[in-house]
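Residue numbers (our numbering), protein chains in the order written: chain F, 1 to 207; chain D, 208 to 414. Note that beta-carbon positions come from the ideal geometry of N, C-alpha and C, so glycine has one too. What follows is one structure encoded as structure tokens, with my remarks underneath.
Number of protein chains: 2
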Amino acid sequence: MPASQAVLPTKERILGAAEELFARHGFEGASLRQLTAAAGVNLAAVNYHFGSKDRLIEEVFRRRLDQLNGRRMAALQEVSGQPDTTIEGVLAAFIVPALELSHDGSGSLFMRVLARAFAEHDDTLRRFLSENYGHVMRQFTAEFARLLPHLSKEELYWRVDLVTGALTHAMSGFGMIQRKSDVPEQQHREQTAQHLIRFAAAGLKSP
Amino acid sequence: MPASQAVLPTKERILGAAEELFARHGFEGASLRQLTAAAGVNLAAVNYHFGSKDRLIEEVFRRRLDQLNGRRMAALQEVSGQPDTTIEGVLAAFIVPALELSHDGSGSLFMRVLARAFAEHDDTLRRFLSENYGHVMRQFTAEFARLLPHLSKEELYWRVDLVTGALTHAMSGFGMIQRKSDVPEQQHREQTAQHLIRFAAAGLKSP
DNA sequence: CGTATGCTCAAACGATCGTTTGATTCCTCG
DNA sequence: CGAGGAATCAAACGATCGTTTGAGCATACG
């Protein structure tokens, strides 16, 4: 077992390089040779530490989704179930952790990976995401249902789904809106959150 | 030059199979060998008729985007510039042609291809889409600006972008909402359009 | 009829893919 | 010190990729 050291251990370096290259070139487009070269490790290290490329992909997801789920649930606990809970507050608990994750230094490209995974339509990956995401989405949906009692279950599902689409689109950065070079990253993130929350809140509240 | 015949000509058969396989497995995931086998043509036919796989991908896009652009522009002409033009009407002109295209018999998978292309983040493809989409988006945005004069240009861009995200998400079918087997396709399409228009109109109109 | 021309075909090309192997190095612990 | 497991390494494996080749077939035209 390797002792703690100044440079990151091999596993972490592979995960970091994988996240970036998967975001940039896709899961099939990024080869293990590019990946291990970028990480500065031997080609065989991926199969030694992870077993296969597919299991590496899973690990890339698991690491970030655990963070995201944790932060979202914590934020939801803070604002939900209160008499003064607002749609905007619940939306912020849903949106802000995702924006933070998508813009913090090392994991800045993970939301692109996630958007790719959505687009891939792979059933194995869908099941994996559903298992790790399912209970979180259900908690948020339940809170929305409490705040929007006049909406039918089907109507609510639709709207939450459309909110997710707008969020995914905005975060993965393929829209027209790009951060201008003279705007600090944190400010841009706050602006993004504000626009998203206002837009989504209006859509959800629509009679 | 081949005469008109009962079976589709080779070029068309390749384009059809390509659309389906690109949607299902991605651009890199679908090989020319799978593709030509599915189309019932020889492996070399792709390079003979299209020059390369990349140019085939371009042709798949061009064919459907021309349809989509044409229908959207025609629908926009019908409803725009009138004193009684509504947000909902313009949204319908934007949304309904896309839903029709994404669900009509042969081209049913193209919107998935488009969603993939968005996620790919490839600059060449982005430029190509911008060249073929740009003027259409500008026309729609101009009409929204006329109907929502209180919104700043930046605010409007943001909201149109979020509408696009919700539409792309809903159409590519990775959301929770799936057509139930006992609902006819046309009815499901109309429901999708209604939900999308109501949600997006509320988001756009938000003060 | 003979000959261009458009098209299809099986076969092969070199490159690159994910994975495996077996030797070698590194570090720990008896 | 020396044994032994963990980790790394260069090299090779078979498979598959996009593309090219050159022969063969069909149809149209003089």
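Whether residue i touches residue j by CB criterion (8 Å)
i	j	result
Arg269 of chain D	Phe317 of chain D	no
Val60 of chain F	Leu99 of chain F	no
Thr348 of chain D	Leu363 of chain D	yes
Ala39 of chain F	Arg55 of chain F	no
Leu275 of chain D	Ala300 of chain D	no
Leu196 of chain F	Ala170 of chain F	yes
His49 of chain F	Thr85 of chain F	no
Ala225 of chain D	Leu242 of chain D	yes
Val215 of chain F	Phe22 of chain F	Since the first residue shown for chain F is 1 and the last is 207, residue 215 of chain F is missing from the structure and cannot be characterised.
Ala373 of chain D	Ala166 of chain F	yes
Leu369 of chain D	Phe199 of chain F	yes
CA nearest to the CA of residue i, picked from the options
i	options	result
Pro97 of chain F	F:Leu125, F:Arg189, F:Lys205	F:Arg189
Ser172 of chain F	F:Arg116, F:Leu196, F:Ala18, F:Asn47	F:Arg116
Ala201 of chain F	F:Leu15, F:Gly89, F:Gly165	F:Gly89
Asp273 of chain D	D:Val343, D:Gln284, D:Ala252	D:Val343
Ser359 of chain D	D:His232, D:Arg231, D:Ser337, D:Ser413	D:Ser413
Thr164 of chain F	F:Ala75, F:Met73, F:Ile95	F:Ile95
Gly155 of chain D	D:Leu321, D:Gly233, D:Thr217, D:Glu350	Nothing can be reported for residue 155 of chain D: it is not among the residues displayed for chain D, which extend from 208 to 414.
Phe234 of chain D	D:Ala352, D:Ala400, D:Arg366, D:Phe325	D:Phe325
Gly70 of chain F	F:Asp182, F:Arg159, F:Tyr133	F:Tyr133
Val41 of chain F	F:Leu8, F:Glu58, F:Met73, F:Ser52	F:Leu8
Arg146 of chain F	F:Gln191, F:Lys53, F:Pro83, F:Thr124	F:Pro83
Glu265 of chain D	D:Met280, D:Arg334, D:Arg231, D:Leu308	D:Arg334
His25 of chain F	D:Val253, D:Asp330, D:Glu338	D:Asp330
Ala74 of chain F	F:Gln139, F:Arg33, F:Ser102	F:Gln139
Proximity test, Cβ basis, 8 Å: residue i and chain F
i	result
Asp368 of chain D	yes
Ala409 of chain D	yes
Ala322 of chain D	yes
Ser379 of chain D	yes
His395 of chain D	no
Leu239 of chain D	no
Ala282 of chain D	no
Ala326 of chain D	yes
Glu219 of chain D	no
Gln212 of chain D	Note that Gln212 of chain D has pLDDT 38, beneath the 50 cutoff, so the model's placement of it is unreliable and the number below is only indicative. No, Gln212 of chain D does not count as interfacial toward chain F.
Any chain D beta carbon closer than 8 Å to residue i
i	result
Lys153 of chain F	no
Gly89 of chain F	no
Glu19 of chain F	no
Pro9 of chain F	no
Contact list for residue i against chain D, beta-carbon separation under 7 Å
i	result
Glu131 of chain F	The contacting residues do not exist; Glu131 of chain F stays about 15 Å from chain D at best.
Glu28 of chain F	Gly233, Glu235, Gly236
Within chain F, partners of residue i - CB distance below 7 Å
i	result
Phe406 of chain D	Arg159, Leu162, Gly203, Ser206
Beta-carbon neighbours of residue i, restricted to chain D and to distances below 8 Å
i	result
Thr168 of chain F	Gly372, His376
Neighbour list for residue i in chain F, Cβ cutoff strictly below 9 Å
i	result
Gly487 of chain D	Within the shown structure, residues of chain D are numbered from 208 to 414, placing residue 487 of chain D beyond reach of any answer.
Leu403 of chain D	Trp158, Leu162
Amino acids of chain F, ordered along the chain, whose beta-carbon sits closer than 8 Å to that of residue i
i	result
Ala245 of chain D	Result: empty, since nearest Cβ-Cβ is about 17 Å, beyond 8 Å.
beta-carbon residue i near the ligand MG non-hydrogen atom, thresh 7 Å
i	result
Arg269 of chain D	As far as ligands go, the structure on display features none, and thus does not contain the ligand MG.
Interfacial residues, the segment 247–265 of chain D to chain F, with Cβ spacing under 9 Å | none
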